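K.L.:
Quick one: structure below, then a few questions.
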Amino acid sequence: MAAPLSSWPWTSLGDYKYALLGPLAWKVVQEWREQGQGALPLVLGSWWLHLLLLFVVRGLTYQFWFTYGNMLFFTRRRRVVADGVDFRQIDAEWDWDNFLVLQTLIGATVVNSPLLPGLRQLCLWDARGWAVALLLHVGFSEPVFYLAHRALHRDPLFARHHAAHHSSGVTQSLTAGFGTPLEALLLTLVMGVPLAGAFLVGAGSIGLVYVHALAFDYLRAMGYSNVEVVSPRVFEAFPLLRYILYTPSYLSLHHRERRGNFCLFMPALDWLGGTLDSRAWPLQRAAYDGAAGGGALGTPGFVFLAHVVDIMSSMHVPFTLRSLGATPFANHFYLLPFWPLAFFFMLLMWCCSKTFVVSFYCLRGQLHQTWSVPRYGFQYFLPAAKKGINKQIELAILRADRMGVKVLSLAALNKNEALNGGGTLFVNKHPDLRVRVVHGNTLTAAVILNEIPSNVKEVFMTGATSKLGRAIALYLCRKKIRVLMFTMSSERFVKIQREAPPEFQQYLVQVTKYQAAQNCKTWIVGKWLSPREQRWAPSGTHFHQFVVPPIIGFRRDCTYGKLAAMRLPKDVQGLGSCEYTMERGVVHACHAGGVVHFLEGWDHHEVGAIDVDRIDVVWNAALKHGLAPV
1 MAAPLSSWPW TSLGDYKYAL LGPLAWKVVQ EWREQGQGAL PLVLGSWWLH LLLLFVVRGL
61 TYQFWFTYGN MLFFTRRRRV VADGVDFRQI DAEWDWDNFL VLQTLIGATV VNSPLLPGLR
121 QLCLWDARGW AVALLLHVGF SEPVFYLAHR ALHRDPLFAR HHAAHHSSGV TQSLTAGFGT
181 PLEALLLTLV MGVPLAGAFL VGAGSIGLVY VHALAFDYLR AMGYSNVEVV SPRVFEAFPL
241 LRYILYTPSY LSLHHRERRG NFCLFMPALD WLGGTLDSRA WPLQRAAYDG AAGGGALGTP
301 GFVFLAHVVD IMSSMHVPFT LRSLGATPFA NHFYLLPFWP LAFFFMLLMW CCSKTFVVSF
361 YCLRGQLHQT WSVPRYGFQY FLPAAKKGIN KQIELAILRA DRMGVKVLSL AALNKNEALN
421 GGGTLFVNKH PDLRVRVVHG NTLTAAVILN EIPSNVKEVF MTGATSKLGR AIALYLCRKK
481 IRVLMFTMSS ERFVKIQREA PPEFQQYLVQ VTKYQAAQNC KTWIVGKWLS PREQRWAPSG
541 THFHQFVVPP IIGFRRDCTY GKLAAMRLPK DVQGLGSCEY TMERGVVHAC HAGGVVHFLE
601 GWDHHEVGAI DVDRIDVVWN AALKHGLAPV
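Per the UniProt record's numbering, the sequence shown starts with residue 1, numbered consecutively.
Written as structure tokens, this is what we have:
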């Protein structure tokens, strides 16, 4: 049987837990109807409204710190711990805001009771209340939290009520809210007593409630952010500040080693109690300066150069909502109100064009990073944007070369044939590159080919004269599989056909109409298909595809494969975000192709046309290193 106050009573409700705040919203509606005097009297006179507003604003405080802490292009050199957050920790902290729900409900109970006589007379500001709240925080909240926190680290309290909080390997702002009801009640006590004291002496105010609550949350989110924001020079100039304000480094030592540094915000309590870990100051300096001993991200061995597909998918990046980034991308209706904001950031990124670090993970002890070019899918098809996009890709390659990156792999549109010849442009322009540029298409072709059942004798293919289409067609014809190549260009078809050995050329057939495939149940899609074009496929057809964006499954009597992908090895560490529509731990085949290139230590560029003879070589190498087909 679980210990009391060790689990949340509304766990089974899932996201429906927010319905518990419904009565507060109903109270606001009732007051609005009763007053009938507009919004201002309601704002000044409704604690129910303030409780709901505080719930939202406090949640946004933790979210903004999370966003900032995971903007690696800003913070990668000021991290305290270099490790990434994995899916296990994300799932454990999924309901991190339970404490906000609890405190809002407790606030509603207090408002509805006569405990605080001055609570009903709201005023915007009272300076006396600030002095009372500050004295109570320093004289009551800090010591009580310190003593209670030390008690939580003793058995049996630690195992029952505090161990789960420390199970998070890397602190983030959302980790601050992850805990048991007992821990949440402790925080409610130390945050609420200063406010209660101010109202008991008749000096409480709306401004005090908002500022005190938000300052409390701001400092907690900062401490758990894993990013140093205060310069060590400030602490050198004002030495006493070290004992008044803690830092992410200070808290991180406690979270990892579970001894010392028990204070709420003021290290002076640890100094008085003999539990101060003096290593916090050197660690804070190293983390802020990006020096050895801190958690600054080092030089990656492998980089995947990605791009955003569209505006909706731009909200799927790891530094927005963690619940989105940790699940495969899908269009959610609740994201529509944020579309204008995402559109604004698209324009901002377009103007301030810089490649930035999006995410990272570790594999076989080596750091792998995903960088992103600030360009969206539709921009790749604008003739005027071609030069600028290639410039950004080139700058990213040169930056990787200077840093000592071994392999840089290009995502789908970054290696478009019409854009840069599958990366050939950059290799030819910079023949002395040390970084190996890889388009990863060899493994993409291998994944698609290994999806095709061994008993298939005929396939229909669109995008048949593209890099991937050509390689797949040439490989299949060698297996004596008839390939119906949909293309209007006889010249390009003949050129590919002549590349096949003479005895296999007969298996390559040019077709110019979709009707030619009405009896073929295996379609390989390299060019987008409309519903009208898909209707020519017979019932039971399976659509393999390598087109970006993937086609929409209009046919219920057919099946649709996803984009070519592979599952990363089991020993990957720090992976906590999904790559576009891929499942957890799964990456696009071109990404995986770059990983294999790096792990094998191959010293050649993989650009331009695919070497058909290397398809099996790359596939076998991927399997050898623990990558697996999905």
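Heads up, the beta-carbon is just placed ideally off N, CA and C, and yes, glycines get one too.
Since we're looking at a predicted model, the values are computed, not measured.
Just checking: is the beta-carbon of LEU408 within a distance shorter than 9 Å of some beta-carbon in chain D?
P.N.:
Absent from the structure is chain D; it holds one protein chain and no more.
K.L.:
Kindly identify the DSSP beta-bridge partner or partners of residue 706.
P.N.:
The shown model of the chain, from 1 to 630, leaves out residue 706, and the question about it has no answer.
K.L.:
Based on the DSSP secondary-structure assignment, which residues constitute the bridge partners of TYR560?
P.N.:
Residue numbering aside, residue 560 sits at position 560 when the sequence shown is read from its first letter. According to DSSP, which records beta bridges pairwise, TYR560 is partnered with PHE543.
K.L.:
Identify the continuous beta strand (DSSP E) that holds THR522 and give its terminal residues.
P.N.:
Numbered from 1 along the sequence shown, position 522 holds the residue referred to as residue 522. 522-525 is the extent of the beta strand (DSSP E) around THR522.
K.L.:
Please state if the CB of GLU228 and the CB of GLN172 are separated by a distance shorter than 9 Å.
P.N.:
Sequence index remark: in the sequence shown, residue 172 carries index 172 (1-based). Sequence index remark: in the sequence shown, residue 228 carries index 228 (1-based). The answer is no: Cβ separation not under 9 Å.
K.L.:
Can you give the Cα-Cα distance for residue 644 and PHE73, rounded to whole angstroms?
P.N.:
Residue 644 lies beyond the residue range present for the chain, which begins at 1 and ends at 630; the question has no answer from this structure.
K.L.:
Is any heavy atom of the ligand SAM found at a distance shorter than 8 Å from the C-beta of VAL193?
P.N.:
As for the ligand SAM, it is missing from this structure, which has no ligand bound.
K.L.:
Based on Cα-Cα distance, which residue from LEU147, ASN414, PHE356, LEU341 lies nearest to ILE393?
P.N.:
In the sequence shown, the residue the question calls residue 393 occupies position 393. Answer by Cα proximity: ASN414.
K.L.:
For the candidate residues VAL437, HIS166, ARG279, ALA473, whose alpha-carbon lies nearest to that of LEU449?
P.N.:
Numbered from its first residue, the sequence shown carries residue 449 at position 449. Measuring from the Cα of LEU449, the nearest candidate turns out to be ALA473.
K.L.:
Sort ARG88, VAL28, ASP97, TYR68 by Cα distance to ASP15 and report the nearest one.
P.N.:
Position 15 of the sequence shown, counted from the first residue, corresponds to residue 15. The shortest Cα separation from ASP15 among ARG88, VAL28, ASP97, TYR68 belongs to ASP97.
K.L.:
Just mark THR247 as buried or exposed, buried being the case when its beta carbon has 16 or more other beta carbons within 10 Å.
P.N.:
Walking along the sequence shown from the start, residue 247 turns up at place 247. Flag for THR247 reads buried.
K.L.:
Three or more beta-carbon pairs under 8 Å between the stretch 120-137 and the stretch 145-154, yes or no?
P.N.:
They do not touch, by the three-pair rule.
K.L.:
Just tell me which of PHE344, ALA198, SER313, LEU341 has its CA closest to the CA of HIS332.
P.N.:
Position 332 of the sequence shown, counted from the start, is the residue given in the question as residue 332. When each option's Cα is compared against that of HIS332, the closest is SER313.
K.L.:
Does DSSP put ARG567 in a helix, a strand or coil?
P.N.:
The sequence position of residue 567 within the sequence shown is 567, counting from 1. Three-state result, ARG567: strand.
K.L.:
Alpha carbon to alpha carbon, how far is ALA471 from ALA221? Give it in angstroms, no decimals.
P.N.:
Counting from one through the sequence shown, the residue named residue 221 turns up at place 221. Counting from one through the sequence shown, the residue named residue 471 turns up at place 471. Looking at the two C-alpha atoms, the distance is approximately 52 Å.
K.L.:
For TYR243, I'd like the list of residues in its chain whose CB is within less than 8 Å of its CB, leaving aside the five on either flank, ordered along the chain.
P.N.:
Translated into positions along the sequence shown, residue 243 becomes position 243. Counting only Cβ-Cβ distances below 8 Å, and skipping sequence neighbours, we find MET266, PRO267, ALA268, TRP271.
K.L.:
Just verifying my parser: in three-state terms, what is the DSSP assignment at LEU443?
P.N.:
Residue numbering aside, residue 443 sits at position 443 when the sequence shown is read from its first letter. The answer is helix: DSSP assigns LEU443 an H, G or I state.
K.L.:
Three or more C-beta pairs closer than 8 Å, one from the stretch 334-344 and one from the stretch 399-408: is that the case here?
P.N.:
With a cut-off of 8 Å, the stretch 399-408 and the stretch 334-344 do not count as touching, because too few Cβ pairs lie within range.
K.L.:
Consult DSSP for MET191 and reduce its assignment to one of helix, strand or coil.
P.N.:
Sequence index remark: in the sequence shown, residue 191 carries index 191 (1-based). If DSSP states are grouped into helix, strand and coil, MET191 belongs with the helices.
K.L.:
Starting from ARG79, trace the alpha helix (DSSP H) both ways and give me its first and last residue.
P.N.:
For the purposes of this step, residue 79 is identified with residue 79 of the sequence shown, where counting begins at 1. Here ARG79 belongs to no alpha helix (DSSP H), and DSSP marks it neither H nor E.
K.L.:
Can you find the residues in the same chain that come closer than 6 Å, C-beta to C-beta, to TRP48, ignoring five residues on each side of it along the sequence?
P.N.:
The residue labelled residue 48 in the question sits at position 48 within the sequence shown. LEU24, LYS27, VAL28.
K.L.:
Assuming contact is defined by CB atoms lying nearer than 9 Å, are VAL81 and ARG256 in contact in what I supplied?
P.N.:
In the sequence shown, counting from the first residue as 1, residue 81 sits at position 81. In the sequence shown, counting from the first residue as 1, residue 256 sits at position 256. Yes, they are a contact pair.
K.L.:
Which of the three DSSP states is assigned to GLU93 in this structure?
P.N.:
On the sequence shown, residue 93 is found 93 positions in, with the first residue counted as 1. GLU93: coil per DSSP, three-state reduction.
K.L.:
Would DSSP call GLN369 helix, strand or coil?
P.N.:
Residue mapping note: residue 369 aligns to position 369 of the sequence shown, counting from 1. Strand.
K.L.:
One question on the structure: do ARG436 and HIS605 come within less than 9 Å of each other, judged by their Cβ atoms?
P.N.:
Here residue 436 corresponds to residue number 436 of the sequence shown, with the count starting at 1. Here residue 605 corresponds to residue number 605 of the sequence shown, with the count starting at 1. Against a cut-off of 9 Å, the Cβ pair of HIS605 and ARG436 comes out as a contact.
K.L.:
DSSP puts PHE55 in a beta bridge; with which residues?
P.N.:
Taking the sequence shown and counting its residues from 1, one reaches residue 55 at position 55. Answer by DSSP bridge pairing: none, since PHE55 is not bridged.
K.L.:
State the CB to CB distance for the pair GLY593 and LEU443, rounded to an integer number of angstroms; the pair is presumed to be in contact (CB under 8 Å).
P.N.:
Numbered from its first residue, the sequence shown carries residue 593 at position 593. Numbered from its first residue, the sequence shown carries residue 443 at position 443. Yes, GLY593 and LEU443 are in contact; Cβ-Cβ is about 3 Å, under 8 Å.
K.L.:
So ALA296 and TYR224 are in contact, right, with Cβ under 8 Å, and what is the actual spacing, rounded?
P.N.:
By 1-based counting over the sequence shown, the position of residue 296 is 296. By 1-based counting over the sequence shown, the position of residue 224 is 224. Rounded, the Cβ-Cβ distance is 19 Å, inconsistent with contact.
K.L.:
Looking at the secondary structure, which residues open and close the beta strand (DSSP E) in which TYR361 lies?
P.N.:
In the sequence shown, counting from the first residue as 1, residue 361 sits at position 361. Run containing TYR361: 356-363, per the beta strand (DSSP E) assignment.
K.L.:
Residues in its own chain within less than 6 Å of LEU253 by CB, not counting five upstream and five downstream?
P.N.:
Taking the first residue of the sequence shown as position 1, residue 253 is located at position 253. Correct list, in chain order: ASN261, ASP277, ALA280.
K.L.:
Quick one: what's got a C-beta closer than 6 Å to LYS391's C-beta in the same chain, skipping five residues either side?
P.N.:
Working through the sequence shown from its first residue, we reach residue 391 at position 391. Once the five neighbours on either side are set aside, LYS391 has no close Cβ partner at all.
K.L.:
Specify, as a first and last residue, the run of the alpha helix (DSSP H) that VAL29 falls within.
P.N.:
The sequence position of residue 29 within the sequence shown is 29, counting from 1. Run containing VAL29: 22-35, per the alpha helix (DSSP H) assignment.
K.L.:
For GLY139, which of VAL190, ALA108, ILE551 has the nearest alpha-carbon?
P.N.:
Numbered from its first residue, the sequence shown carries residue 139 at position 139. Selected option, being the one with the closest Cα: VAL190.
K.L.:
Helix, strand or coil for ARG154, going by three-state DSSP, please let me know.
P.N.:
The residue given as residue 154 occupies position 154 in the sequence shown. Residue state, collapsed to three classes: coil.
K.L.:
Measuring straight from C-alpha to C-alpha, what distance separates VAL548 and ASP432?
P.N.:
Locating residue 548 in the sequence shown gives position 548, counting from the first residue. Locating residue 432 in the sequence shown gives position 432, counting from the first residue. Taking the straight line joining both Cα atoms gives about 32 Å.
K.L.:
In the DSSP assignment, find the unbroken alpha helix (DSSP H) run with ALA215 in it and report its ends.
P.N.:
Translated into the one-based positions of the sequence shown, residue 215 becomes position 215. Segment 206-223, the alpha helix (DSSP H) holding ALA215.
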